[in-house]
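Participant: First the structure, which I've put down as structure tokens, then a few questions once you've had a look.
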Amino acid sequence: MNPIEQFQITKLVSLHLFGYDVSFTNSSLFMVIALALIVLVMIAGSRPRALVPGRLQSIAEVSHEFVAGMVRQTAGEAGMRFFPFVFSLFMFIFFANVLGLIPYAFTVTSHLIITVTMALMVFLTVIFVGFAKNGLHFLRLFVPPGVPWWILPFVVPIEVISFFTRPVSHSIRLFANMLAGHITLQVFAGFVLLLLGGGVWALLSPFPFLFTVAVLALELLVAFLQAYVFAMLTCLYLNDALHPGQH
Amino acid sequence: MAQPVTTETKAEAGREEPAFPPFNTATFPSQLFWFAIVFILLYLLMSRVALPRVGGIFEFRKTRIARDLDQASAMQRQADEAAAAYEKTLAEARARAQGVAQETRDKLAAESEARRKELDASLNAKLAAAEAQIEAMRTSALANVDTIASEAAAAIIQQITGKTANAEAVAQAVAALKAG
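Laid out in structure tokens, this is it:
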């Protein structure tokens, strides 16, 4: 009943490359399962190309429209270049989060290294695209328009710091949400077992059980919400790269 | 609950693993390696296959709906045209029918008028003939009255006097009476 145990990574197939341990683990397994499910929904689902979509095609279409709408609204038509990237991020996080809610499943996004990698991908893309598209004008991002010149010495450092802390908040938000949610679930589910094994106390066991059910529902919402937030922030940051000095 | 945790992880791991798995750097290479593989695959499959295909479905649906709407409006226009043509034909037919009816009515009226005149004329002719006949009959009857009167007078004279009356005298007397 260790609530941390569920985050343990265990090797399934041992593999070493260039002196690194890159074994196929339970984490890798759930990444592959997430990939397989996304491919099933998006590629098998869109195969019929039906005028009136079936269930799977509807899911594929709704996902496409949802993310496309988010990118278009937040980053504009120019942001649609990054639509596949944002879409892959959103789907990967969403499927990893939801898969993690299945009992005994592993939550890929509950590991900081994964969320940091994704946040850094976004961060580096923003810097690269920002400079490639705007050159040094990208630095206007740190100079908010309409601010009196004598405030700038205070504002610019704040803007710079907030820019560089973006990947931190971006990655830790997702990681911490997943971690905390799963620990809560595990702890309350643990109470059920504890009470069941405690003789008369077993009568009280339905209460933490019902609470666990409620938390699971909440976690399902959080699973979607965090994927949405991550993708949304990605769009916002990309918008900065595409249109600096407009926020 | 905390006590068995440490012993368990220590016993299970054997190697120097921290108690908190997300901070265990030993698992980072594997996670990064597999994440890279999975994410690159995902990105390629989504950007090359899935998203263009779903976008294609939207495009196809849009063009199909636009085409259907165009067709519908074209058909609507055709229907309007047909309705207008029908209205026009109907109005023409009604006008012609009215013309024909008027003509027929006029013709019938003229015919009946002519027949009435004809009838009138024949009736007038018959009336005139009848009047002439009556006139003739009356004159002849009036003429006969003289003879009858004379004969009656002669007969009366014969009965009363017992003598044969002079016919001419009687006739003169009758004529004198009639004139008087």
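In order, the protein sequences belong to chains A and B. Per my numbering: the first sequence ends with 252, consecutive numbering throughout. Per my numbering: the second sequence ends with 176, consecutive numbering throughout. We put the beta carbon where it would ideally sit given N, CA and C, even for glycine.
Classify M47 (chain A) as buried or exposed, calling it buried when 16 or more other Cβ atoms lie within 10 Å of its own Cβ.
Facilitator: Result: buried.
Participant: If we define contact as Cβ-Cβ less than 7 Å, is H248 (chain A) a contact residue for chain B?
Facilitator: Chain B, which has no Cβ nearer than 7 Å to the Cβ of H248 (chain A), makes this no.
Participant: Work out the CA separation of F180 (chain A) and L117 (chain A) for me, nearest whole Å.
Facilitator: Going from the Cα of L117 (chain A) to the Cα of F180 (chain A) covers about 6 Å.
Participant: The alpha helix (DSSP H) spanning V192 (chain A) covers which residue range?
Facilitator: Note, V192 (chain A): alpha helix (DSSP H), 171 to 201.
Participant: Does the Cβ of A232 (chain A) have 16 or more other Cβ atoms within 10 Å, making it buried, or fewer, making it exposed?
Facilitator: Buried.
Participant: Under a three-way DSSP split, which group does H142 (chain A) fall into?
Facilitator: Looking at H142 (chain A) - three-state DSSP - the assignment turns out to be helix.
Participant: So, helix, strand or coil for T160 (chain B), using DSSP?
Facilitator: Residue state, collapsed to three classes: coil.
Participant: By the three-class DSSP mapping on this structure, what secondary structure does F111 (chain A) have?
Facilitator: Reduced to three states, the DSSP call for F111 (chain A) is coil.
Participant: Output the distance between the C-alpha atoms of A22 (chain B) and N31 (chain A), rounded to the nearest integer angstrom.
Facilitator: Going from the Cα of A22 (chain B) to the Cα of N31 (chain A) covers about 15 Å.
Participant: What residue range is occupied by the uninterrupted alpha helix (DSSP H) comprising L17 (chain A)?
Facilitator: Run containing L17 (chain A): none in the alpha helix (DSSP H); it sits in the beta strand (DSSP E), 16 to 18.
Participant: W155 (chain A) to V72 (chain A), Cα distance in whole Å?
Facilitator: Looking at the two C-alpha atoms, the distance is approximately 41 Å.
Participant: With distances taken from CA atoms, which of A:F99, A:L125, A:L17, A:V218 is nearest I177 (chain A)?
Facilitator: Per the Cα distances, A:L125.
Participant: Counting only Cβ pairs nearer than 7 Å, list the residues of chain A close to M42 (chain B).
Facilitator: The answer, in chain order, is M47, P89, F92, S93.
Participant: Going by DSSP in three states, F23 (chain A) sits in which element: helix, strand or coil?
Facilitator: Correct three-state label for F23 (chain A): coil.
Participant: Which of the three DSSP states, helix, strand or coil, is assigned to F16 (chain B)?
Facilitator: Of the three classes helix, strand and coil, the one that applies to F16 (chain B) here is coil, per DSSP.
Participant: Give the residues of chain A in contact with A70 (chain B), contact being defined as C-beta atoms less than 9 Å apart.
Facilitator: Result: empty, since nearest Cβ-Cβ is about 21 Å, beyond 9 Å.
Participant: Below 8 Å on the Cβ atoms is my contact criterion, and I expect A236 (chain A) with F87 (chain A) to pass it. Report the Cβ-Cβ distance as a whole number of Å.
Facilitator: So it is not a contact: roughly 11 Å between Cβ atoms.
Participant: Would you check if the distance between the CB atom of F147 (chain A) and the CB atom of V165 (chain A) is smaller than 7 Å?
Facilitator: Cβ atoms of F147 (chain A) and V165 (chain A): closer than 7 Å.
Participant: By a C-beta neighbour count over all protein chains shown, 10 Å radius and 16 as the cutoff for buried, is S146 (chain B) buried or exposed?
Facilitator: Burial call: buried.
Participant: So, at 6 Å on beta carbons, what are the nonlocal neighbours of V197 (chain A) in its own chain, with the 5 sequence-adjacent residues on each side left out?
Facilitator: Within the same chain, V197 (chain A) has close Cβ partners S210, P213, F214.
Participant: Suppose contacts are defined by Cβ-Cβ distances below 7 Å. Is G186 (chain A) in contact with V227 (chain A) by that definition?
Facilitator: Closer than 7 Å, so yes.
Participant: For P0 (chain B), is the classification buried or exposed, using 16 other Cβ atoms within 10 angstroms of its Cβ as the cut-off for buried?
Facilitator: Caution applies to P0 (chain B), whose pLDDT of 40 falls short of 50 and renders its modelled position unreliable; the value that the coordinates give is listed next. When all chains shown are included, P0 (chain B) counts as exposed.
Participant: If we count Cβ pairs, one from each stretch, closer than 8 Å, do we get three or more for the segment 130 to 142 of chain B versus the segment 99 to 117 of chain B?
Facilitator: With the cut-off at 8 Å, the segment 130 to 142 of chain B and the segment 99 to 117 of chain B do not touch.
Participant: Is there a Cβ of chain A sitting closer than 7 Å to that of I61 (chain B), yes or no?
Facilitator: No, I61 (chain B) does not count as interfacial toward chain A.
Participant: Taking beta-carbon pairs under 8 Å, can you tell me which members of the segment 24 to 39 of chain A lie near chain B?
Facilitator: Correct list: Y25, D26, V27, S28, F29, T30, S32, S33, M36, V37, A39.
Participant: Looking at S26 (chain B): is its Cβ nearer than 7 Å to the Cβ of S28 (chain A)?
Facilitator: A contact, by the Cβ cut-off of 7 Å.
Participant: Just reading off the alpha helix (DSSP H) that H69 (chain A) is part of, what are its end residues?
Facilitator: Unbroken alpha helix (DSSP H) run through H69 (chain A): 60 to 80.
Participant: With distance defined between alpha-carbon atoms, name the residue in A:A55, A:L208, A:S33 nearest to I53 (chain B).
Facilitator: For I53 (chain B), the nearest C-alpha among the options comes from A:A55.
Participant: Cα separation between I14 (chain A) and G24 (chain A)?
Facilitator: Going from the Cα of I14 (chain A) to the Cα of G24 (chain A) covers about 19 Å.
Participant: Go ahead and label M85 (chain A) buried or exposed: buried means 16 or more other beta carbons lie within 10 angstroms of its beta carbon, across all protein chains shown.
Facilitator: Exposed, since its Cβ has fewer than 16 Cβ neighbours within 10 Å.
Participant: Check this for me: beta carbons of T122 (chain A) and L241 (chain A), under 7 Å apart or not?
Facilitator: Going by C-beta atoms, T122 (chain A) is not nearer than 7 Å to L241 (chain A).
Participant: Using only alpha-carbon positions, find the residue among A:V103, A:G203, A:L247, A:A246 that is nearest to L40 (chain A).
Facilitator: With distances taken between Cα atoms, L40 (chain A) lies closest to A:V103.
Participant: Could you tell me which of B:T157, B:A161, B:R134, B:L41 sits nearest to F92 (chain A), measuring between CA atoms?
Facilitator: Closest by alpha carbon: B:L41.
Participant: Within this structure, are the beta carbons of P8 (chain A) and V192 (chain A) separated by less than 7 Å?
Facilitator: Their beta carbons are under 7 Å apart, which means P8 (chain A) touches V192 (chain A) by this criterion.
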